[in-house]
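Chains as they are written, first to last, in this note's numbering: chain A, 1 to 114; chain B, 1001 to 1114.
From the three backbone atoms N, C-alpha and C, an ideal C-beta is built for every residue, glycine too.
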Amino acid sequence: KAGVTQTPRYLIKTRGQQVTLSCSPISGHRSVSWYQQTPGQGLQFLFEYFSETQRNKGNFPGRFSGRQFSNSRSEMNVSTLELGDSALYLCASSPTDRVNYGYTFGSGTRLTVV
Amino acid sequence: SQQGEEDPQALSIQEGENATMNCSYKTSINNLQWYRQNSGRGLVHLILIRSNEREKHSGRLRVTLDTSKKSSSLLITASRAADTASYFCATDAVATDSWGKLQFGAGTQVVVTP
């Protein structure tokens, strides 16, 4: 079956702009999580959506937001971009029984803010 | 902040040798997962070990889990150049606010030379 698909793979944006990233989970997976990876902070949890509802949120400012659609596809949005938002953004999907099956990650979106 | 600590931070070995890396964590967990990442790309799920398991094997991988010490180890036997990557442990915590949230270690960078 198809894996987790993230688009686009690469983005270059200017400070102050906003950006939207997309994630399509594995078919049948209803949970989608987002992570930010930077050399300094490592992998940090952004938020998780399940059946169109945000169930969990990490410690990021309100400029970071997300949503999930009825087909489980998810988008995350970052407004008023800052240089420090440059990172690899990863999404992961999991089945309902995540305890036994874990998560599958996409290839990521590399965002560069200039 | 990250839940786990990984040791060592970097490991350089020759093909055919074994590679061992360790992970410690802080809270009660449902499971612990190991991931591989090549050159800043997506995370590849390697193996999941549940909290009631002590050892698990998958091909050339062997994972142990000691919940009393809150630690895990990943052994890669007969390393190949293609095993060159960063390896991350991640815990799925029992806490009620852990939905969709993996806590990652800082990773071990493994270099396997031919």
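Rounded to the nearest angstrom, what separates Gln44 (chain A) and Ala1081 (chain B) at their Cα positions? Cα to Cα, the separation comes out at about 29 Å.
Helix or strand or just coil, what does DSSP make of Tyr101 (chain A)? For Tyr101 (chain A), the three-state secondary structure derived from DSSP is helix.
Ser65 (chain A), enclosing beta strand (DSSP E) - first and last residue: Ser65 (chain A): member of the beta strand (DSSP E) spanning Phe64 to Gln68, first to last residue.
So, does the CB of Thr115 (chain A) fall closer than 8 Å to a CB anywhere in chain B? This structure does not reach residue 115 (chain A), given that chain A is present from 1 up to 114, and the question cannot be answered.
Just to confirm the assignment, what range does the beta strand (DSSP E) spanning Thr112 (chain A) have? Thr109 to Val113
Euclidean distance between Cα positions of Trp1034 (chain B) and Cys1089 (chain B): A straight-line Cα-Cα distance of about 4 Å links Trp1034 (chain B) and Cys1089 (chain B).
Taking Ser94 (chain A) and Gly102 (chain A) to be in contact with their CB atoms under 8 Å, please state how far apart those CB atoms are, rounded to whole angstroms. That pair is a contact at about 7 Å.
Tell me which same chain residues have a C-beta within less than 6 Å of the C-beta of Gln54 (chain A), skipping the five on either side of it? Phe47
According to DSSP, residues forming a beta bridge with Lys1070 (chain B): The partner list for Lys1070 (chain B) (beta bridge, DSSP) is empty, contrary to what the question assumes.
Partners in chain B for Asn100 (chain A), counting only beta-carbon separations shorter than 8 Å: Close to Asn100 (chain A), with beta-carbon spacing below 8 Å, are these residues of chain B in chain order: Asn1031, Leu1048 and Arg1050.
What residues in its chain sit with their C-beta under 6 Å from that of Asn1022 (chain B), if we drop five residues either side in the sequence? Leaving aside the five residues that flank Asn1022 (chain B) on each side, the residues in its chain whose CB is nearer than 6 Å to its CB run, in chain order, Asp1007 and Ser1073.
Check each residue of the stretch 50-61 of chain A: if its Cβ is closer than 8 Å to any Cβ of chain B, include it; give the result in chain order. Phe50, Arg55, Asn56 and Gly58
If we count Cβ pairs, one from each stretch, closer than 8 Å, do we get three or more for the stretch 66-73 of chain A versus the stretch 10-27 of chain A? yes
For Gly1016 (chain B) and chain A, any beta-carbon pair shorter than 8 Å? no
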